[in-house]
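Notes for the one structure printed next.
Number of protein chains: 4
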Amino acid sequence: MEKYRVGILGATGAVGQRFMQLLESHPWFEVAEVVASERSAGKRYADAATWRLESALPKMARNLVVKDLQSTLACDFVFSGLDSSVAGAAEEAFARAGYPVISNSRNHRMDADVPLLIPEVNPEHAAILPQQQAARQYSTGFIATNPNCAVIGLSIALKPLEDAFGVSEVFVATMQAISGAGHSGVSAGAIHDNVIPYISGEEEKLEAEPQKILGRLDGQHFVPADFRVSAQCNRVAVLDGHMESVSVRLKRKTTVADVREALRNFTGEPQRLNLPSAPRHPITLQDERDRPQPRLDRNTDNGMTVVIGRIRPCPLAGFKFTVLSHNAIRGAAGAAILNAELLVAKGYLPRRTNAESELEKLLEASAQLRR
Amino acid sequence: MEKYRVGILGATGAVGQRFMQLLESHPWFEVAEVVASERSAGKRYADAATWRLESALPKMARNLVVKDLQSTLACDFVFSGLDSSVAGAAEEAFARAGYPVISNSRNHRMDADVPLLIPEVNPEHAAILPQQQAARQYSTGFIATNPNCAVIGLSIALKPLEDAFGVSEVFVATMQAISGAGHSGVSAGAIHDNVIPYISGEEEKLEAEPQKILGRLDGQHFVPADFRVSAQCNRVAVLDGHMESVSVRLKRKTTVADVREALRNFTGEPQRLNLPSAPRHPITLQDERDRPQPRLDRNTDNGMTVVIGRIRPCPLAGFKFTVLSHNAIRGAAGAAILNAELLVAKGYLPRRTNAESELEKLLEASAQLRR
Amino acid sequence: MEKYRVGILGATGAVGQRFMQLLESHPWFEVAEVVASERSAGKRYADAATWRLESALPKMARNLVVKDLQSTLACDFVFSGLDSSVAGAAEEAFARAGYPVISNSRNHRMDADVPLLIPEVNPEHAAILPQQQAARQYSTGFIATNPNCAVIGLSIALKPLEDAFGVSEVFVATMQAISGAGHSGVSAGAIHDNVIPYISGEEEKLEAEPQKILGRLDGQHFVPADFRVSAQCNRVAVLDGHMESVSVRLKRKTTVADVREALRNFTGEPQRLNLPSAPRHPITLQDERDRPQPRLDRNTDNGMTVVIGRIRPCPLAGFKFTVLSHNAIRGAAGAAILNAELLVAKGYLPRRTNAESELEKLLEASAQLRR
Amino acid sequence: MEKYRVGILGATGAVGQRFMQLLESHPWFEVAEVVASERSAGKRYADAATWRLESALPKMARNLVVKDLQSTLACDFVFSGLDSSVAGAAEEAFARAGYPVISNSRNHRMDADVPLLIPEVNPEHAAILPQQQAARQYSTGFIATNPNCAVIGLSIALKPLEDAFGVSEVFVATMQAISGAGHSGVSAGAIHDNVIPYISGEEEKLEAEPQKILGRLDGQHFVPADFRVSAQCNRVAVLDGHMESVSVRLKRKTTVADVREALRNFTGEPQRLNLPSAPRHPITLQDERDRPQPRLDRNTDNGMTVVIGRIRPCPLAGFKFTVLSHNAIRGAAGAAILNAELLVAKGYLPRRTNAESELEKLLEASAQLRR
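Chains A, B, C and D, in that order, are what the protein sequence lines are. So the first sequence is numbered by our numbering: it starts at 920 and just counts up by one. So the second sequence is numbered by our numbering: it starts at 920 and just counts up by one. So the third sequence is numbered by our numbering: it starts at 920 and just counts up by one. So the fourth sequence is numbered by our numbering: it starts at 920 and just counts up by one.
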């Protein structure tokens, strides 16, 4: 099969670099376009981006010429890792111009007609997309989002519990990695030998997004799940991997053993469809008493599984456990890629028929640029 | 006033070094004896201890000769920073030999006749001491303890809330500093770029000690407070300062403003008695939205105040906030010193009349040692 | 004595905050004016600065109103912690307007008529100031500078060796703290679990400034010392305290014992004059084999002494040792303050006679601002 | 080809775990025996070792039963990651018992008849092995060693310079990772926010081992290279990857461009023989001005290449540059494995003919153990 050509919005930022890394040898997608701020436009990607990942800058990316947000792109759809200061309008503009936008940005997550997707949790929410296109008068474009990096791990952990026992209350205290704030989001002087008990907007997201995700799509609109969440968010001096101390109150009486089994046996649509980026299990249990730990466990199953440990009774809420997910992979770029794979598999992502002719024009233009 | 001569049990360890540091120029106490393992016995303190604190090793301590746990000591009482593997029997032996033992170790904290003291919270619990002496047939000796380093901050935060509104449920997730585990308790390779979601025995202490502390002494025995605690303990890469994300459910309906006022106005016996190590306020509020932070706030008021911030509604339990306390000062050596000051002020700490003659004998013996 | 009123240029930055901290209870100087970028102008200092130091924001500073660089200041002289992007022109403007400028910025350090002062090393270089004033047609103003934060420790270490034995070659590899780059100079993601073997412009300064400092003032111009330096600069994950592995080749044959004695006995003008910020000794030797260490030794003598250890033979150059200095105190704000104290003691810093009347006008204006 | 069966001495330690990791799917070697202290003997490897690496404990290793140092092993040769406190005698005992010992320990490195091998640098030194066997009356056993973790990177960097220009003097200041000290070698409290300017014995090794490695084998004995090294060793808060700031004086005049070319074009026996663990190039140049960096570059080419950057003139010695090598892979377990591959390819590592029958006996015994 010929690969989908994809564009990366915000390609030089932290999330954008993860997209480049994870798509380097993706079986379905190849990066055809990179988009960033005007400052970077016109430069080779290798010159525009200060590459900050442990693996080398993918060869295919080196010579791509960065375009700005006003550009026409020769690609089938776009991933967005745009900063929230510009993502709102920019993603709408691309969707209106006919590009499906698979976004990691927060701006449209809670829109009434935008699915907030985790393929293992609520793949059926994608069915809102035709309504979105109709309501917004988009032709082939649309916007689909993935949750906040701290929400994804929690939501995956809650899903099998909601299905088996019903969730009524969730207390979560997070210890979040510095990469969650982007390349320059946290200064070394601020976090060194320190914990910062505040992340702007994060608690609000943790207290609202899970209900939309675990809710159901009732024809025209989303009905949120009826549990409540109390979140306290902390930044810690860890590079990657968000940790969460979670206490849950369940609706039906159960045992630690049954909670464990529900988590262990959880599987979802990406596993059934065998999507390229799907982890073997959405949840991996870690039985050692002092795990999960970010440095040791974040890369389990390529950073796409959620690692859960320390499942035990909570004297107040019923059960407590620790959740770890790789914020930059499962919680951001990898989440969006898995969403795109789901949308391809479900038939929501057609190729852009007119992309071919545009491509020719663009190749010519870009050839001129390089001279 | 002539100073009390004190002995430090476990003087070369992390807690022992803090005792030495905090007692360097104490107005009431002077270090007369240092006790450590047999390996160190007979050495000068400066040679036996690998000094690990930012301030210089106190001059008065350099030439003290380390004794072992079987020694007779020329001092009025002892502070114990012994490792829990030996503290149980050793502290009893010293108490039986007539020495008041002001201990930071966990072994006797939950004994039915041992006060678990925080001078601002339960100074009246000291009244159990005569009973302890009678029951255990101690003459002048006794054992008084301070709580676990993570419990102290929480208990001080809860006390004004219990008094004003009644506490019914407490959810606490901790982010604890590496110094809490002693000099070699955590290896660099274990905690670097990491969070460890487990500290042996810590959650049990957090779920049991506060009730004893906030309970009342009913003549012969302690009646624990009736709230319940759910704790999740994590180790983070911070040198000093335990952070706690706390949610509390109160018995009486109230407002954030009233919770804040209760915390802000809290004061206690050490403040009324103007004890030398008492902080101006047991609790210091930090109003900036991203505080308290361990590195910036742990040394407030010489590390003896508990810093609280982010007081806000909890959608589930009622209220949530962040608590910071310096684990090695307010949570350990400073706690024991404040306990000793309270016991002096309350008349529980007489000078040992026979200490003088022993002192002479000991000086002679030790003079021989140094030759 | 009535205190000098001082202004702080760049008062909200990392160096500016150190000035505020170190001047909180200075016996000679009090902060009367705070100057920062236009963005901060008109705000209270407490609102304009994100205070990042462990000690609390000085009370006296809270309500000072920040002025911009174009303002007239009611003060006797100014300290400059300005960013080098603006310091060049701004410092000249202030000097031309009659203000003595005691600067920590790099812009004018190597100017032919500007002294690059370390009071213990080259106090006599201040004698260039009248020439500077004459040549630049400054009236009461002038510019005096202190060296780069990594240069100060090295220069102080070299001075007694140059005097006693002559220095011919210096190899230095630095491990520099993150605070040396200012509040946001190093992102957490860049330095976490990492070493960065490059600091822009730093090696050039280390290879040129020491020769000016240890050179002599020959009437009209500076004659640099004739040794050569090879520097390699690295950034490490330490908050404060620059470490330097140094090898030196000396002109005269000597022994480790004599090198040690030369370093140990070194003293200078600030010690003789008993200046308020002078450390007891410019150099403090640390004899333990694994010292100095930044966290344990940087605050020795309030961060104003240079700590040297591991003095031993170098199989190639003759001698090698490790140098530590607190980059933000001895290497920046404290250096400038000690320079000002020297200039006061030497009579170079008169009070501004016209400041009084200006003060009145300014107080009125600022009173209006606050309404 | 049937795989060699190998034993790992010190299998539960930090180096031992790296052996297990790197041998998990090695094409020539499979781990047949794991040996550790008596405390671990008799346990399953999964129970005896506290696995500390990011990748999961290899499946093949889980159920291996740990033996003690006195055991007979059913394997063709052994890798030794033993602690130096026991390695000296133990490695000799195994060699005497007929096992080739490929050691990472320091004990025998400088023995006159033991090769100190880096396959790219001095593969011809292996020719000493028959002499060693004759002199020590070993039958099939022998001892071959790899250098200290900080020496390997430096020696590989020096080799092409020695060959092309002759090396006369080397100044090196290291910034070494915490994993170089083993799992518990550095406590978190010691290195947190700190640099430790001392590593026991390390400078001596850096000043002596390179000359043996870059020397030649003259029939019966090693003639060391005639350059001299001055080393200063520092421990920094980095997990893996030793950084070295190096200045070199060369015998023949040359240019930065030629030094760069010599480093870039360097290749060796492992590359020619295409050994399984050989990196594509022994040296990888990094051209960005702030590289190499441990976190970003240590895993280049699976951690087996030495990354060099910042090649520039040294005003004193001629040239300076920064060297990075992964201390736990290229500097330890990977070094030993590459040595074993070289010795196989060169015919020095025969299979033990009697291993088969021993194996049967051992399988029986171990079967009993597991009941």
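Beta carbons: idealized from backbone N, C-alpha and C, even for Gly.
Beta strand (DSSP E) segment containing residue i, residue limits
i, result
"A:Asp-1137", "1135 to 1137"
"B:Phe-938", "Taken as a continuous stretch (DSSP letters only), B:Phe-938 belongs to no beta strand (DSSP E), being part of the alpha helix (DSSP H) at 933 to 941."
"A:Gly-1237", "1237 to 1244"
"A:Gly-929", "A:Gly-929 -> no beta strand (DSSP E), and no H or E assigned at all."
"D:Val-1225", "1225 to 1233"
"D:Ala-1063", "1061 to 1064"
Interface residues of chain D facing residue i [CB-CB closer than 9 Å]
i, result
"C:Lys-978", "Result: empty, since nearest Cβ-Cβ is about 29 Å, beyond 9 Å."
"B:Ser-1004", "The premise fails here: B:Ser-1004 is roughly 18 Å from chain D at the closest Cβ pair, so nothing lies under 9 Å."
"A:Leu-1215", "Trp-970, Arg-971, Leu-972, Glu-973"
Element boundaries [alpha helix (DSSP H), containing residue i]
i, result
"B:Tyr-964", "964 to 967"
"D:Pro-977", "From DSSP, D:Pro-977 is part of no alpha helix (DSSP H); its letter is neither H nor E."
"C:Glu-1010", "1003 to 1015"
"A:Ala-1254", "1253 to 1264"
Straight-line gap, residue i to residue j (C-alpha atoms, nearest Å)
i, j, result
"C:Lys-978", "C:His-1111", "34 Å"
"B:Ala-1181", "B:Thr-1174", "11 Å"
"B:Pro-1195", "B:Asn-1258", "11 Å"
"D:Ala-1247", "D:Val-1105", "15 Å"
"D:Thr-1219", "D:Ala-1197", "12 Å"
"A:Gly-1222", "A:Gly-1160", "9 Å"
"B:Tyr-923", "B:Val-934", "20 Å"
"C:Thr-1241", "C:Arg-1249", "16 Å"
"B:Glu-949", "B:Glu-943", "7 Å"
"D:Gln-1267", "D:Leu-1080", "Reading off the sequence shown, one finds Tyr at residue 1267 of chain D, where the question assumed Gln. Distance between the alpha carbons of D:Tyr-1267 and D:Leu-1080 is about 29 Å."
"C:Gly-1134", "C:Ile-1021", "20 Å"
"B:Leu-1136", "B:Asp-1032", "10 Å"
Residue i classed as buried or exposed, judged by whether at least 16 other C-beta atoms fall within 10 angstroms
i, result
"D:Ser-999", "buried"
"D:Val-1142", "exposed"
"B:Thr-1064", "buried"
"A:Gly-1099", "buried"
"A:Ala-1176", "exposed"
"C:Gly-1120", "exposed"
"D:Pro-946", "exposed"
"A:Gly-1138", "exposed"
"C:Thr-1093", "buried"
"C:Asp-1216", "buried"
Per-residue contacts from residue i into chain C (C-beta, under 9 Å)
i, result
"A:Val-1105", "Ser-1106, Ala-1107, Gly-1108"
Within chain D, partners of residue i - CB distance below 7 Å
i, result
"A:Asn-1218", "Glu-973"
"B:His-1102", "Ser-1106, Gly-1108"
Amino acids of chain D, ordered along the chain, whose beta-carbon sits closer than 8 Å to that of residue i
i, result
"B:Ala-1156", "Ala-1107, His-1111"
Proximal residues of chain C, C-beta to C-beta of residue i below 8 Å
i, result
"D:Asp-1162", "The sequence shown places Met at residue 1162 of chain D, not Asp. By Cβ distance, chain C contributes Val-1114, Pro-1116, Asn-1153."
"D:Ala-1236", "Phe-1090, Ser-1149"
Contact list for residue i against chain A, beta-carbon separation under 7 Å
i, result
"B:Cys-1233", "Ser-1149"
inquiry  = Please give the ranges of any alpha helix (DSSP H) in the stretch 1084 to 1149 of chain A, keeping only runs that are unbroken, at least 4 residues long and fully inside the region.
reply    = List check, alpha helix (DSSP H) in window: 1107 to 1110, 1121 to 1133.
task = Please list the segments of the alpha helix (DSSP H) lying wholly inside the stretch 1030 to 1058 of chain C, counting only runs of 4 or more residues, in order along the chain.
result = Those alpha helix (DSSP H) runs which fall completely within the stretch 1030 to 1058 of chain C and span 4+ residues are 1048 to 1055.
ask   = Can you list, in chain order, the stretches of the alpha helix (DSSP H) that have 4 or more residues and sit fully within the stretch 1161 to 1213 of chain B?
value = Secondary structure remark: continuous alpha helix (DSSP H) runs of at least 4 residues inside the stretch 1161 to 1213 of chain B, in chain order: 1175 to 1184, 1188 to 1192.
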